[in-house]
Amino acid sequence: MFDKKTKYSKKWFENVSDEKFYTEREPVRQAACRGDEGAEGLLNRFNNEEIRRMNEKYKKEHPDAKPRHREHGWYLPNDDD
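The sequence shown begins at 1 in the UniProt record's numbering and counts up by one.
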């Protein structure tokens with residue numbers, strides 16, 4: 001059903017607003033849940049773009065963030081208390 005080459009180019013992902021991005025993502029997610037293989041691949045592209053946007057936003061909000069090493073490894077919670 002979803003042909004990932006028709007509308008969703010790399011340029012589209014880079015330039016689309018967040019609101020339009022999530023509006024377009026939802027029908028793709030629903031189709032992927034129904035088992036549409038084309039939609040599954042496209043949903044992966046949407047997910048990767050969402051992660052990229054979230055990381056970019058985090059870097060803007062926390063420009064000097066340093067990785068934290070905890071007793072049990074990197075970024076793992078200390079829930080032994």
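Every residue, glycine too, gets a C-beta built ideally from N, C-alpha and C.
Contiguous alpha helix (DSSP H) assignments of at least 4 residues, all confined to the region 4-33: 10-15, 18-33
Residue range of the alpha helix (DSSP H) that includes A65: Unbroken run through A65: none, as it is neither H nor E.
Local conformation of G38 per DSSP, three classes: helix
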